[in-house]
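Undergrad: Okay, here's the structure, questions in a sec.
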Amino acid sequence: MSNRFFSEFSLPLFFFTFSLIFLHVSNAKSHKGRALIEETCKQYSESPGVPDGSQKFCLTTLESVKKSYKASFKGLGLISLELTKTNMTHVKAYVKKLLKDKKKFNKYAKMALKDCRDQYSDAIYNIKYAKMLFKKKDYGGANAYMSAVLDTPSDCEEGFSENSRAGGSPLTKQNDILNKLAGLAIWFTAVIR
Numbered sequence: 006m007s008n009r010f011f012s013e014f015s016l017p018l019f020f021f022t023f024s025l026i027f028l029h030v031s032n033a034k035s036h037k038g039r040a041l042i043e044e045t046c047k048q049y050s051e052s053p054g055v056p057d058g059s060q061k062f063c064l065t066t067l068e069s070v071k072k073s074y075k076a077s078f079k080g081l082g083l084i085s086l087e088l089t090k091t092n093m094t095h096v097k098a099y100v101k102k103l104l105k106d107k108k109k110f111n112k113y114a115k116m117a118l119k120d121c122r123d124q125y126s127d128a129i130y131n132i133k134y135a136k137m138l139f140k141k142k143d144y145g146g147a148n149a150y151m152s153a154v155l156d157t158p159s160d161c162e163e164g165f166s167e168n169s170r171a172g173g174s175p176l177t178k179q180n181d182i183l184n185k186l187a188g189l190a191i192w193f194t195a196v197i198r
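Take the position in the sequence shown, starting the count at 1, then add 5; the result is the number in the numbering used here.
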C-alpha cells in the first residue's frame, strides 16, 4: 500500500518540484536580464549629449523585445541596431503609401517625400552594414555607418521645412522615434569598444 501511495504522488510531486525550480531559475535569469537593461539604459541616459527622457525611451525600447532579457551587452546593441532598421523599413513603407495618394500632397511635398524615401533606403543599407561590422567586432566601422544614419530623420524633416510650399512634414512623429532609435544604436557602437 505504501508503494502505491508513493507512486501515485511521486510523479505529480516531481513535476511540481521541477516546475518550481524551473520558474525560480527563469525568474532569476529574467531578473538578471532586467538588471542589465536597466543599468545599460542608465549609462546611456547619463552619456554626454543624450537628451532628457532617454532612459525611459531606452527601457521601453529594449524591454519591447523578449530576447533583451537574455541578451548580453553586445546582444542589446544588436537588438538596438535591428530595431532601428526595422522601424526605418516601416517608415519607408509608410512613405511609399503616402506617395500613392495622388490628391493628398502637392508636387513639392511629393518631392520631399521622395527624398525621405531615398534617404531611408540609404540608411537601411548603412544599418545592415553597421550590424554586420558590429557582429565582427569592428565597432569603429559600425559607428561610422551609424553616424550616417543618425542624420537621416532630421534631413528628411529639413526637406519639408526648407520648402514652405511642401507644407508640414507628415513624418515628424516617425522621424522623432527614428532619431531616438538611431541615437541609442550609435551609442552602443561607441561605448562597446
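The beta carbon of each residue, even a glycine, is placed where N, CA and C say it ideally should be.
Where in the region 95-157 do unbroken runs of the alpha helix (DSSP H), each at least 4 residues long, occur, reported from the N-terminal end onward?
TA: Whole alpha helix (DSSP H) segments, 4+ residues: 112-140, 144-155.
Undergrad: Compute the distance between the beta-carbons of leucine 50 and leucine 189, then report whether it is under 8 Å.
TA: Residue 50 is actually serine in this sequence, not leucine. Against a cut-off of 8 Å, the Cβ pair of leucine 189 and serine 50 comes out as no contact.
Undergrad: Does the Cβ of proline 158 have 16 or more other Cβ atoms within 10 Å, making it buried, or fewer, making it exposed?
TA: The residue in question, proline 158, is buried, as its Cβ has 16 or more Cβ neighbours within 10 Å.
Undergrad: According to DSSP, is arginine 198 helix, strand or coil?
TA: Coil.
Undergrad: Where alanine 149 and isoleucine 197 are concerned, what is the direct C-alpha to C-alpha distance, given to the nearest angstrom?
TA: Roughly 14 Å separates the two Cα atoms.
Undergrad: Rounded to a whole number of angstroms, what is the C-alpha to C-alpha distance between glycine 173 and phenylalanine 62?
TA: Taking the straight line joining both Cα atoms gives about 25 Å.
Undergrad: Work out the CA separation of phenylalanine 193 and glutamate 43 for me, nearest whole Å.
TA: Taking the straight line joining both Cα atoms gives about 14 Å.
Undergrad: Straight-line CA distance for serine 73 to lysine 37?
TA: Answer to the nearest angstrom: the Cα atoms are 11 Å apart.
Undergrad: Which of helix, strand or coil does DSSP assign to glycine 58?
TA: Three-state DSSP puts glycine 58 in coil, outside helix and strand.
Undergrad: With the cut-off set at 8 Å, would you say isoleucine 191 and leucine 155 are in Cβ contact?
TA: Contact: yes.
Undergrad: Please look up how many angstroms separate the CB atoms of glycine 164 and alanine 117, rounded, as I've assumed it's under 8 Å.
TA: Yes, they are in contact, since the Cβ atoms of glycine 164 and alanine 117 sit about 4 Å apart, within 8 Å.
Undergrad: Using the rule of at least 16 other Cβ atoms within 10 Å of the residue's Cβ for burial, across every protein chain shown, is phenylalanine 11 buried or exposed?
TA: Confidence at phenylalanine 11 is low in this model, with a pLDDT of 44, below 50, so its placement is unreliable and the value that follows should be read with caution. So phenylalanine 11 ends up on the exposed side.
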